[in-house]
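Residue 6 in the numbering used here sits at position 6 of the sequence shown; the count goes up by one each step and never skips. Note that CB positions come from ideal geometry on N, CA and C, so glycine has one too. Taking it in order: structure first as structure tokens, then the write-up.
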Amino acid sequence: MEESILFLSDASVVADREQVASELDTRAFAAICLDRGQVDAALADARWLRRRRNRLPVIALVDTADVERAAELFACGVAEIVVRDASSDANLRARVAGLVSPRVSPRPIAAADAIVARSASMRACLELVRKAQRSDATVLLLGETGTGKEVLARTVHEGGPRARGPFVAINCAAFPETLLESELFGHDRGAFTGASRARPGHFVQANGGTLFLDEIGETTLGFQVKLLRALQEGKVRPLGAGKEQAVDARIVAATNRELETEVEHGRFRRDLFFRLNVFPISLPPLRARAEDVVPLVLHFLERSRSLTTLRSVAADARHLLETYPWPGNVRELENEVARIVTHAESGMEITARMLSPRLRGGAPDLPRPSANETLRDAVARFESWYLKHALERNQDRRIATARELGITRECLYKKLRRYGMQ
Numbered sequence: 001m002e003e004s005i006l007f008l009s010d011a012s013v014v015a016d017r018e019q020v021a022s023e024l025d026t027r028a029f030a031a032i033c034l035d036r037g038q039v040d041a042a043l044a045d046a047r048w049l050r051r052r053r054n055r056l057p058v059i060a061l062v063d064t065a066d067v068e069r070a071a072e073l074f075a076c077g078v079a080e081i082v083v084r085d086a087s088s089d090a091n092l093r094a095r096v097a098g099l100v101s102p103r104v105s106p107r108p109i110a111a112a113d114a115i116v117a118r119s120a121s122m123r124a125c126l127e128l129v130r131k132a133q134r135s136d137a138t139v140l141l142l143g144e145t146g147t148g149k150e151v152l153a154r155t156v157h158e159g160g161p162r163a164r165g166p167f168v169a170i171n172c173a174a175f176p177e178t179l180l181e182s183e184l185f186g187h188d189r190g191a192f193t194g195a196s197r198a199r200p201g202h203f204v205q206a207n208g209g210t211l212f213l214d215e216i217g218e219t220t221l222g223f224q225v226k227l228l229r230a231l232q233e234g235k236v237r238p239l240g241a242g243k244e245q246a247v248d249a250r251i252v253a254a255t256n257r258e259l260e261t262e263v264e265h266g267r268f269r270r271d272l273f274f275r276l277n278v279f280p281i282s283l284p285p286l287r288a289r290a291e292d293v294v295p296l297v298l299h300f301l302e303r304s305r306s307l308t309t310l311r312s313v314a315a316d317a318r319h320l321l322e323t324y325p326w327p328g329n330v331r332e333l334e335n336e337v338a339r340i341v342t343h344a345e346s347g348m349e350i351t352a353r354m355l356s357p358r359l360r361g362g363a364p365d366l367p368r369p370s371a372n373e374t375l376r377d378a379v380a381r382f383e384s385w386y387l388k389h390a391l392e393r394n395q396d397r398r399i400a401t402a403r404e405l406g407i408t409r410e411c412l413y414k415k416l417r418r419y420g421m422q
């Protein structure tokens with residue numbers, strides 16, 4: 001006989017601990033689900049089960065407003081968290097059953113996704129990722145451009161309860177407000193000029209899976225209002241549509257901005273920030289995890305085995321790689337390895353002479369001070385030089401350049417116009 005799930009519930013099935021104890025002593029169960037109206041009651045139940053030396057996995061159903069208490073539930077022995085977010089009771093029970101049979105085990109972290117974690121800071125980050133995989137809570141990934149936020153977003157999805165669902169990613173900085181709304185919410189036929197057919201948005205495409213909102217800090221206040229409503233209601237209204245459509249997608253958002261600072265300056269809505277900042281994970285910059293630099297280089301070389309004979313890093317190159325500040329983080333390092341592989345004709349190891357001039361400490365075209373030059377002029381001349389080389393590194397791709405520099409596209413375009421570089 002197939003084992004079932006024991007529900008400790010306010011409404012039905014099993015209402016009190018005495019009955020739970022009796023059921024546990026007389027029957028075999030696959031898991032225990034805490035279906036309480038108040039999260040404090042679920043916490044008390046979890047502590048009681050731990051005192052009973054419970055060995056069954058414990059699943060907690062929580063309201064959206066209580067998701068921020070996920071850490072407390074995990075600390076009390078809860079193994080999985082399911083959010084009551086725009087779902088019926090029947091759907092919730094089905095999702096709980098799906099966690100147990102077949103049981104979803106977290107996906108091993110670090111094999112194919114270039115997540116190298118020898119440093120203590122990155123290991124701590126991945127431990128948070130493992131905890132995020134055990135729940136349905138909204139995750140906010142914080143970190144500089146190029147630190148690997150999308151890789152972690154995919155890892156959260158693939159090791160979580162929605163792994164069988166789709167992973168849909170969108171870069172919010174790549175679209176103006178109106179087009180971004182159409183991309184996320186979809187549109188009906190004739191909603192605007194050129195809309196010859198209806199198109200589902202990313203929310204609908206991610207139904208049952210995960211929606212990754214990259215560069216969420218670049219969105220406008222007007223769009224943030226619409227996004228907040230969609231997250232709160234669990235419904236979206238396609239452009240030109242007469243009715244809303246229910247959606248069920250886990251949200252993982254990412255930004256390289258300090259959102260709390262943006263909130264204080266009125267550039268990001270406080271209510272949306274609290275809605276997204278349920279399970280924050282901060283990614284350390286590459287300069288703060290020097291122990292991971294050479295292992296990352298070896299990983300990128302392994303991916304290029306068919307293109308190069310390079311297999312190791314010489315001591316002189318190792319020193320330069322580990323002491324360089326890597327303003328572009330892992331993305332810049334990956335591009336550096338790709339450049340080395342392209343230019344290397346033979347050899348088994350990377351040597352210092354193969355590295356870019358900026359890594360070797362040489363920058364022959366670095367602008368030098370001019371006589372009788374003001375500080376403002378010197379800063380402008382250096383900024384123009386730096387922008388020129390940033391564009392070259394990114395093959396003149398403006399969005400990629402803005403992301404590497406940690407500025408908005410609008411700011412980049414403004415600077416390019418100022419220096420006649422359009």
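Boundaries of the beta strand (DSSP E) in which residue i is found, first to last residue
{"i": "Arg84", "result": "80-84"}
{"i": "Thr255", "result": "250-255"}
{"i": "Ile170", "result": "167-171"}
{"i": "Ser282", "result": "279-282"}
{"i": "Thr210", "result": "210-214"}
Contact under 8 Å by Cβ, residue i with residue j
{"i": "Ala60", "j": "Ala41", "result": "no"}
{"i": "Leu387", "j": "Leu355", "result": "no"}
{"i": "Leu296", "j": "Ala344", "result": "no"}
{"i": "Leu126", "j": "Ala120", "result": "no"}
{"i": "Val151", "j": "Phe203", "result": "no"}
{"i": "Arg360", "j": "Pro325", "result": "no"}
{"i": "Glu349", "j": "Phe300", "result": "no"}
{"i": "Ser282", "j": "Gly143", "result": "yes"}
{"i": "Ser135", "j": "Glu80", "result": "yes"}
{"i": "Asp316", "j": "Thr351", "result": "yes"}
{"i": "Val62", "j": "Ile32", "result": "no"}
{"i": "Leu259", "j": "Gly217", "result": "yes"}
{"i": "Ser182", "j": "Leu239", "result": "yes"}
Exposure of residue i, with buried meaning 16 or more beta-carbon neighbours within 10 Å
{"i": "Ser379", "result": "Going by the sequence as given, residue 379 is Val instead of Ser. Burial call: exposed."}
{"i": "Gly222", "result": "exposed"}
{"i": "Val225", "result": "exposed"}
{"i": "Arg331", "result": "buried"}
{"i": "Glu215", "result": "buried"}
{"i": "Lys149", "result": "buried"}
{"i": "Phe382", "result": "exposed"}
{"i": "Cys411", "result": "exposed"}
{"i": "Thr261", "result": "exposed"}
{"i": "Gln395", "result": "exposed"}
Helix, strand or coil at residue i according to DSSP, with G and I counted as helix
{"i": "Ile115", "result": "coil"}
{"i": "Ser87", "result": "Residue placement at Ser87 is poorly supported in this model, since its pLDDT is 47, which falls under 50; the coordinates still yield a value, given next. Here Ser87 sits in coil by DSSP."}
{"i": "Asn335", "result": "helix"}
{"i": "Leu126", "result": "helix"}
{"i": "Ile59", "result": "strand"}
{"i": "Val139", "result": "strand"}
{"i": "Glu349", "result": "strand"}
{"i": "Gly222", "result": "helix"}
{"i": "Lys414", "result": "helix"}
{"i": "Asp35", "result": "strand"}
{"i": "Pro200", "result": "strand"}
{"i": "Leu272", "result": "helix"}
{"i": "Gly146", "result": "coil"}
{"i": "Pro295", "result": "helix"}
{"i": "Lys388", "result": "helix"}
{"i": "Thr26", "result": "helix"}
{"i": "Leu73", "result": "helix"}
{"i": "Gln245", "result": "strand"}
{"i": "Ser312", "result": "strand"}
{"i": "Leu483", "result": "Any property of residue 483 remains undetermined from this structure, which presents the chain solely from 1 to 422."}
{"i": "Leu239", "result": "strand"}
{"i": "Leu6", "result": "strand"}
Close beta carbons around residue i, own chain, < 8 Å, minus the five adjacent residues each side
{"i": "Val294", "result": "Val313, Arg318, Leu321, Glu322"}
{"i": "Thr210", "result": "Ala153, Val156, His157, Gly160, Arg162, Gly165, Pro166, Phe167, Val168, Ala249, Arg250, Ile251, Val252"}
{"i": "Glu177", "result": "Thr219, Thr220, Gly222, Phe223"}
{"i": "Arg275", "result": "Thr138, Leu228, Leu231, Gln232"}
{"i": "Asp271", "result": "Leu228"}
Residue-level contact to chain C via CB, residue i, 8 Å cutoff
{"i": "Pro238", "result": "Note that chain C does not occur in the displayed structure, where there is just one protein chain."}
Cβ shell of residue i (< 6 Å), same chain only, five flanking positions each side left out
{"i": "Thr145", "result": "Asn256, Arg403, Glu404, Gly406"}
{"i": "Ala137", "result": "Val67, Ala70, Val278, Phe279"}
{"i": "Gly328", "result": "Gly146, Glu404"}
Boundaries (first-last residue) of the alpha helix (DSSP H) holding residue i
{"i": "Ile399", "result": "398-405"}
{"i": "Pro357", "result": "357-360"}
{"i": "His319", "result": "315-323"}
{"i": "Val263", "result": "259-264"}
{"i": "Thr178", "result": "177-185"}
Beta-carbon proximity list for residue i, same chain, < 7 Å, skipping 5 on both sides
{"i": "Asn171", "result": "Asp214, Glu215"}
{"i": "Cys76", "result": "Leu43, Ala46, Arg47, Arg50"}
{"i": "Leu56", "result": "Phe29, Ala31, Ile32"}
beta-carbon residue i near the ligand GTP non-hydrogen atom, thresh 7 Å
{"i": "Ile251", "result": "This structure lacks the ligand GTP; in fact it carries no ligand of any kind."}
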